[in-house]
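If you use the UniProt record's numbering, the sequence shown corresponds to residues 1 to 229, in order.
In this text, a Cβ means the ideal position worked out from N, Cα and C, and glycines have one as well.
For clarity, every value in this text was computed on a predicted model and none was experimentally measured.
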Amino acid sequence: MQAVYLYGLKHELKSMKTIIISIVFIGLSFLIAKYSGSLSIILDSNGSSPAIQLMFLCYAFMGFLFSSILFGGIVSKEVETETLRYITPYLSRRKIYTAKYLITITYFLLVILLALIVVFSVRGVIVVPWRDLLSIIVFFLYIESVIIMVSTISKNERTATLVGIVLSLLFPAIFTVAYFRDNIFLDVIDWLLPYRYLEGENSWELLILLLLACAAFYVGMVIFERKEI
1 MQAVYLYGLK HELKSMKTII ISIVFIGLSF LIAKYSGSLS IILDSNGSSP
51 AIQLMFLCYA FMGFLFSSIL FGGIVSKEVE TETLRYITPY LSRRKIYTAK
101 YLITITYFLL VILLALIVVF SVRGVIVVPW RDLLSIIVFF LYIESVIIMV
151 STISKNERTA TLVGIVLSLL FPAIFTVAYF RDNIFLDVID WLLPYRYLEG
201 ENSWELLILL LLACAAFYVG MVIFERKEI
(Lines of atoms letter the chains of each structure in order from A; the text may use other names.)
(Lines give C-alpha, C1' and ligand atoms only; values in the text may rest on other atoms or scores of the structure.)
Protein backbone atom coordinates (compact mmCIF):
# COMPACT_ATOMS: atom_id res chain seq x y z
CA MET A 1 0.00 0.00 0.00
CA GLN A 2 2.86 2.35 0.79
CA ALA A 3 4.24 2.06 -2.74
CA VAL A 4 0.84 2.87 -4.29
CA TYR A 5 0.42 5.80 -1.90
CA LEU A 6 3.88 7.31 -2.51
CA TYR A 7 3.76 6.85 -6.28
CA GLY A 8 0.27 8.34 -6.49
CA LEU A 9 1.19 11.26 -4.23
CA LYS A 10 4.29 12.13 -6.28
CA HIS A 11 2.28 11.91 -9.48
CA GLU A 12 -0.44 14.23 -8.16
CA LEU A 13 1.98 16.76 -6.68
CA LYS A 14 3.86 17.09 -9.97
CA SER A 15 0.78 17.70 -12.12
CA MET A 16 0.23 21.18 -13.53
CA LYS A 17 -3.32 21.33 -12.12
CA THR A 18 -1.99 20.69 -8.62
CA ILE A 19 0.72 23.33 -8.94
CA ILE A 20 -1.72 25.99 -10.17
CA ILE A 21 -4.33 25.26 -7.50
CA SER A 22 -1.65 25.18 -4.80
CA ILE A 23 -0.48 28.63 -5.89
CA VAL A 24 -4.07 29.88 -5.59
CA PHE A 25 -4.40 28.48 -2.07
CA ILE A 26 -1.05 29.83 -0.87
CA GLY A 27 -1.62 33.17 -2.60
CA LEU A 28 -4.93 33.52 -0.80
CA SER A 29 -3.26 32.86 2.55
CA PHE A 30 -0.75 35.62 1.80
CA LEU A 31 -3.47 38.11 0.86
CA ILE A 32 -5.49 37.37 4.00
CA ALA A 33 -2.43 37.63 6.23
CA LYS A 34 -1.26 40.85 4.56
CA TYR A 35 -4.50 42.77 4.09
CA SER A 36 -6.82 41.61 6.87
CA GLY A 37 -5.16 43.64 9.58
CA SER A 38 -8.47 44.16 11.36
CA LEU A 39 -8.64 40.41 12.05
CA SER A 40 -6.37 39.28 14.85
CA ILE A 41 -4.25 36.16 14.55
CA ILE A 42 -4.18 35.78 18.33
CA LEU A 43 -6.39 33.00 19.69
CA ASP A 44 -9.65 33.90 21.37
CA SER A 45 -11.14 32.13 24.40
CA ASN A 46 -12.42 29.31 22.18
CA GLY A 47 -8.99 28.50 20.76
CA SER A 48 -9.82 30.08 17.41
CA SER A 49 -7.91 32.70 15.42
CA PRO A 50 -10.16 35.12 13.46
CA ALA A 51 -7.66 35.57 10.62
CA ILE A 52 -6.95 31.86 10.26
CA GLN A 53 -10.63 31.05 10.60
CA LEU A 54 -11.38 33.34 7.63
CA MET A 55 -8.65 31.65 5.60
CA PHE A 56 -9.99 28.18 6.39
CA LEU A 57 -13.55 29.23 5.53
CA CYS A 58 -12.30 30.34 2.12
CA TYR A 59 -10.42 27.05 1.78
CA ALA A 60 -13.58 25.12 2.64
CA PHE A 61 -15.72 26.76 -0.03
CA MET A 62 -12.93 26.55 -2.61
CA GLY A 63 -11.69 23.15 -1.51
CA PHE A 64 -14.63 21.07 -2.70
CA LEU A 65 -14.45 22.56 -6.20
CA PHE A 66 -10.68 22.28 -6.47
CA SER A 67 -10.72 18.77 -5.04
CA SER A 68 -13.20 17.72 -7.72
CA ILE A 69 -10.87 19.10 -10.38
CA LEU A 70 -7.76 17.50 -8.89
CA PHE A 71 -9.04 14.14 -7.71
CA GLY A 72 -12.23 13.49 -9.64
CA GLY A 73 -10.48 10.79 -11.63
CA ILE A 74 -8.35 9.31 -8.87
CA VAL A 75 -10.25 6.01 -9.15
CA SER A 76 -12.38 6.32 -12.28
CA LYS A 77 -9.43 7.17 -14.53
CA GLU A 78 -7.48 4.09 -13.49
CA VAL A 79 -10.55 1.91 -13.93
CA GLU A 80 -11.11 3.43 -17.36
CA THR A 81 -7.48 2.83 -18.42
CA GLU A 82 -7.49 -0.60 -16.72
CA THR A 83 -4.38 0.33 -14.74
CA LEU A 84 -5.81 -1.20 -11.58
CA ARG A 85 -5.86 -4.64 -13.18
CA TYR A 86 -2.09 -4.75 -12.80
CA ILE A 87 -2.25 -3.87 -9.10
CA THR A 88 -5.14 -5.91 -7.73
CA PRO A 89 -3.33 -9.28 -8.00
CA TYR A 90 -0.74 -7.98 -5.51
CA LEU A 91 -2.73 -5.62 -3.32
CA SER A 92 -6.26 -5.83 -1.92
CA ARG A 93 -8.85 -3.39 -3.21
CA ARG A 94 -9.37 -2.14 0.32
CA LYS A 95 -5.72 -1.10 0.59
CA ILE A 96 -5.77 0.48 -2.86
CA TYR A 97 -8.84 2.52 -1.96
CA THR A 98 -7.31 3.59 1.35
CA ALA A 99 -4.09 4.64 -0.39
CA LYS A 100 -6.04 6.77 -2.87
CA TYR A 101 -7.93 8.40 -0.02
CA LEU A 102 -4.73 9.14 1.90
CA ILE A 103 -3.27 10.80 -1.19
CA THR A 104 -6.11 13.32 -1.30
CA ILE A 105 -5.92 14.00 2.44
CA THR A 106 -2.14 14.40 2.40
CA TYR A 107 -2.35 17.03 -0.31
CA PHE A 108 -4.68 19.24 1.70
CA LEU A 109 -2.69 18.73 4.89
CA LEU A 110 0.38 19.99 3.01
CA VAL A 111 -1.58 22.98 1.71
CA ILE A 112 -2.80 23.82 5.22
CA LEU A 113 0.75 23.53 6.61
CA LEU A 114 2.22 25.79 3.92
CA ALA A 115 -0.62 28.29 4.34
CA LEU A 116 -0.02 28.53 8.09
CA ILE A 117 3.71 29.05 7.51
CA VAL A 118 2.90 31.93 5.15
CA VAL A 119 0.46 33.51 7.63
CA PHE A 120 2.88 33.19 10.54
CA SER A 121 5.72 34.65 8.45
CA VAL A 122 3.69 37.65 7.32
CA ARG A 123 2.16 38.37 10.73
CA GLY A 124 5.31 37.57 12.70
CA VAL A 125 3.35 35.52 15.23
CA ILE A 126 3.02 31.76 15.66
CA VAL A 127 -0.13 30.33 17.23
CA VAL A 128 -1.80 26.92 17.30
CA PRO A 129 -5.45 27.44 16.32
CA TRP A 130 -6.46 23.95 17.42
CA ARG A 131 -10.18 24.54 16.96
CA ASP A 132 -9.84 25.91 13.44
CA LEU A 133 -7.38 23.16 12.51
CA LEU A 134 -9.66 20.43 13.81
CA SER A 135 -12.63 21.84 11.91
CA ILE A 136 -10.86 22.16 8.56
CA ILE A 137 -9.20 18.73 8.81
CA VAL A 138 -12.49 16.96 9.57
CA PHE A 139 -14.10 19.01 6.79
CA PHE A 140 -11.61 17.71 4.25
CA LEU A 141 -11.93 14.16 5.58
CA TYR A 142 -15.61 14.45 4.67
CA ILE A 143 -15.07 16.13 1.31
CA GLU A 144 -12.45 13.64 0.16
CA SER A 145 -14.66 10.74 1.22
CA VAL A 146 -17.38 12.11 -1.05
CA ILE A 147 -15.00 12.86 -3.93
CA ILE A 148 -13.41 9.42 -3.97
CA MET A 149 -16.82 7.75 -3.64
CA VAL A 150 -18.10 9.73 -6.64
CA SER A 151 -14.94 8.79 -8.55
CA THR A 152 -15.57 5.14 -7.74
CA ILE A 153 -19.20 5.21 -8.85
CA SER A 154 -18.55 7.14 -12.08
CA LYS A 155 -17.76 5.36 -15.33
CA ASN A 156 -14.99 7.74 -16.36
CA GLU A 157 -12.92 10.70 -15.17
CA ARG A 158 -14.96 13.30 -17.04
CA THR A 159 -18.21 12.20 -15.42
CA ALA A 160 -16.62 12.01 -11.96
CA THR A 161 -15.17 15.50 -12.29
CA LEU A 162 -18.43 16.95 -13.60
CA VAL A 163 -20.49 15.38 -10.81
CA GLY A 164 -17.97 16.60 -8.23
CA ILE A 165 -18.11 20.15 -9.58
CA VAL A 166 -21.92 20.12 -9.54
CA LEU A 167 -21.93 18.90 -5.93
CA SER A 168 -19.31 21.50 -4.97
CA LEU A 169 -21.71 24.21 -6.15
CA LEU A 170 -24.91 22.55 -4.97
CA PHE A 171 -23.83 21.81 -1.38
CA PRO A 172 -22.97 25.42 -0.41
CA ALA A 173 -26.10 26.65 -2.21
CA ILE A 174 -28.28 24.33 -0.11
CA PHE A 175 -26.41 25.38 3.02
CA THR A 176 -27.00 29.07 2.24
CA VAL A 177 -30.72 28.57 1.62
CA ALA A 178 -31.08 26.45 4.78
CA TYR A 179 -29.27 29.12 6.79
CA PHE A 180 -31.75 31.84 5.86
CA ARG A 181 -34.98 29.81 5.65
CA ASP A 182 -36.78 27.96 8.41
CA ASN A 183 -37.56 24.62 6.81
CA ILE A 184 -37.42 21.21 8.51
CA PHE A 185 -36.46 19.37 5.32
CA LEU A 186 -33.61 21.79 4.60
CA ASP A 187 -32.48 21.61 8.22
CA VAL A 188 -32.16 17.83 7.98
CA ILE A 189 -30.14 18.08 4.77
CA ASP A 190 -28.02 20.79 6.36
CA TRP A 191 -26.89 18.31 9.03
CA LEU A 192 -25.62 16.03 6.25
CA LEU A 193 -23.53 18.79 4.66
CA PRO A 194 -20.13 19.86 6.03
CA TYR A 195 -20.49 23.64 6.13
CA ARG A 196 -22.57 24.06 9.28
CA TYR A 197 -19.81 22.35 11.26
CA LEU A 198 -17.31 25.06 10.34
CA GLU A 199 -19.17 27.57 12.49
CA GLY A 200 -17.60 25.95 15.53
CA GLU A 201 -20.36 26.66 18.03
CA ASN A 202 -20.17 23.16 19.50
CA SER A 203 -16.99 21.10 19.17
CA TRP A 204 -18.88 17.85 19.72
CA GLU A 205 -20.75 18.42 16.46
CA LEU A 206 -17.53 17.66 14.60
CA LEU A 207 -17.99 14.06 15.71
CA ILE A 208 -21.13 13.95 13.58
CA LEU A 209 -19.18 15.20 10.56
CA LEU A 210 -16.44 12.66 11.26
CA LEU A 211 -19.02 9.86 11.37
CA LEU A 212 -20.49 11.08 8.08
CA ALA A 213 -16.99 11.05 6.57
CA CYS A 214 -16.41 7.50 7.81
CA ALA A 215 -19.78 6.41 6.42
CA ALA A 216 -19.03 7.89 2.97
CA PHE A 217 -15.58 6.31 3.00
CA TYR A 218 -17.00 2.91 3.91
CA VAL A 219 -19.74 3.06 1.27
CA GLY A 220 -17.20 4.03 -1.37
CA MET A 221 -14.90 1.19 -0.34
CA VAL A 222 -17.72 -1.38 -0.53
CA ILE A 223 -18.64 -0.13 -4.01
CA PHE A 224 -14.98 -0.30 -5.09
CA GLU A 225 -14.62 -3.86 -3.81
CA ARG A 226 -17.59 -4.93 -5.94
CA LYS A 227 -16.75 -2.82 -8.98
CA GLU A 228 -15.66 -4.54 -12.17
CA ILE A 229 -12.22 -3.29 -13.15
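Verify whether the separation of the beta carbon atoms of residue i and residue j is less than 9 Å.
i: VAL163; j: SER68; result: yes
i: ILE147; j: ILE74; result: yes
i: CYS214; j: SER145; result: yes
i: TYR101; j: PHE217; result: yes
i: GLU72; j: VAL4; result: According to the sequence shown, residue 72 is Gly rather than Glu. No, the pair does not count as a contact, with Cβ atoms beyond the cut-off.
i: LEU141; j: LEU209; result: yes
i: VAL118; j: PHE66; result: no
i: PHE64; j: ILE143; result: yes
i: SER15; j: LEU84; result: no
i: ALA160; j: SER154; result: yes
i: TYR90; j: THR18; result: no
Can you check which of these residues, the options, is closest to residue i by C-alpha distance?
i: ARG123; options: ALA51, VAL219, THR18; result: ALA51
i: ALA173; options: TYR195, ASN156, ASN183; result: TYR195
i: THR98; options: SER15, ILE21, GLY8, PRO89; result: GLY8
i: ARG131; options: SER48, LEU206, PRO89, ILE19; result: SER48
i: LEU110; options: PHE224, ARG226, GLU12; result: GLU12
i: SER29; options: ARG181, LYS17, PHE56; result: PHE56
i: VAL219; options: LEU113, THR152, THR18; result: THR152
i: LEU198; options: LEU211, PHE61, ARG158, PHE180; result: PHE61
i: LYS77; options: GLY27, THR88, ARG158, ILE26; result: ARG158
i: ILE126; options: ASN183, ILE41, LEU193, THR104; result: ILE41
Grab the span of the alpha helix (DSSP H) containing residue i for me, first residue to last.
i: residue 261; result: Given a span of 1 to 229 for the chain in the structure shown, any question on residue 261 remains unanswerable.
i: LYS10; result: 2-13
i: ASP190; result: 184-192
i: THR18; result: 16-35
i: LEU91; result: It is not in any alpha helix (DSSP H) - LEU91 carries neither H nor E in the DSSP assignment.
Between residue i and residue j, what straight-line distance do the alpha-carbon atoms span, to the nearest angstrom?
i: ILE137; j: SER92; result: 27 Å
i: PRO129; j: GLU82; result: 43 Å
i: VAL177; j: VAL188; result: 13 Å
i: GLU225; j: TRP191; result: 28 Å
i: VAL222; j: THR88; result: 15 Å
* Unbroken alpha helix (DSSP H) runs of length 4 or more, entirely within the region 110-157: which are they? -> For the region 110-157, whole alpha helix (DSSP H) runs of length 4 or above, ordered along the chain, are 130-153.
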